[in-house]
């Protein structure tokens, strides 16, 4: 009986050494997969060691299998580092082209498309669209190469987010922002891109939080 048990132990050890093989001769495995497999075997054999008695025939087999799994785990860690080093030395892939997300309705009613408006945008109504879902995010007018009129931004839900008035490329006049719930977030006024006039901030419920008056970019102290 004792010889029979040792025979089973030897057979299990041989079969255990083949349990994570595969892929054919010369097949290259993912080091991360090897590490996960070896770690699973380490934990399994450790449990077997705990549950078996030192004098049992399978105890020695479990010890050998555990040692072998630990060796595979260490080798997988080393291969993983080598794999990361190889990837770090590989040239980066060329950048993917930017999505065309801008559309311009030109004065002659023709449509143009661009990745971005650039430094010298064409006259017309420019609209920026969300990459996902095709929602309008931003819209403004260009006249003689400069922003003119209202610039409007939108939430992804389609709700209006802000409106700012431009004249000859600079903020001139009121600028208003709304929260996603529709309440005002702030109201501001500009003159040639400088703070000028009453600025009001609002709480989330739409009630006034604070207000400040500016003139030529400087705060006007209240008396």
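Residue numbers (our numbering): 333 to 555.
Where a beta carbon is used, it is the ideal one built from N, C-alpha and C, also for glycine.
8 Å Cβ cutoff met for residue i and residue j
i           : j           : result
residue 461 : residue 445 : no
residue 512 : residue 487 : yes
residue 498 : residue 477 : no
residue 485 : residue 470 : yes
residue 467 : residue 450 : no
residue 501 : residue 526 : no
With 16 other Cβ atoms within 10 Å as the buried cut-off, status of residue i
i           : result
residue 398 : buried
residue 479 : buried
residue 353 : Confidence at residue 353 is low in this model, with a pLDDT of 42, below 50, so its placement is unreliable and no value can be given for it.
residue 528 : buried
Cα-Cα separation between residue i and residue j, rounded to whole angstroms
i           : j           : result
residue 408 : residue 364 : 7 Å
residue 503 : residue 459 : 19 Å
residue 369 : residue 463 : 40 Å
residue 421 : residue 410 : 17 Å
residue 396 : residue 404 : 12 Å
residue 514 : residue 508 : 12 Å
residue 455 : residue 440 : 10 Å
residue 373 : residue 510 : 58 Å
residue 551 : residue 544 : 7 Å
residue 554 : residue 542 : 13 Å
residue 415 : residue 377 : 28 Å
residue 412 : residue 393 : 28 Å
residue 356 : residue 367 : Note on residue 356: pLDDT 44, under 50, position unreliable in the model; the coordinate value appears next. Going by the C-alpha atoms only, they are around 19 Å apart.
residue 547 : residue 532 : 15 Å
residue 323 : residue 483 : Residue 323 lies beyond the stretch modelled for the chain, which goes from 333 to 555, so this question has no answer here.
residue 424 : residue 418 : 12 Å
residue 536 : residue 379 : 58 Å
residue 538 : residue 522 : 22 Å
Limits of the beta strand (DSSP E) - the one that residue i falls within
i           : result
residue 544 : 540-547
residue 446 : 443-446
residue 550 : 550-552
residue 487 : Counting along the chain, residue 487 falls outside any beta strand (DSSP E), and DSSP gives it neither H nor E.
residue 517 : 516-523
residue 471 : 468-475
residue 456 : 456-461
residue 501 : Taken as a continuous stretch (DSSP letters only), residue 501 belongs to no beta strand (DSSP E), as it is neither H nor E.
residue 530 : 529-534
residue 437 : 434-437
Selection from the options that minimises the alpha carbon distance to residue i
i           : options               : result
residue 496 : 373, 519, 514 and 477 : 519
residue 493 : 516, 505 and 500      : 516
residue 401 : 375, 532, 473 and 554 : 375
residue 448 : 436, 546 and 383      : 436
residue 406 : 473, 506, 371 and 510 : 371
residue 524 : 473, 506, 393 and 438 : 506
residue 438 : 536, 431, 457 and 379 : 457
Cβ-heavy atom distance, residue i to the ligand NAD, below 7 Å
i           : result
residue 408 : Looking at this structure, you won't find the ligand NAD or any other ligand, since it has none at all.
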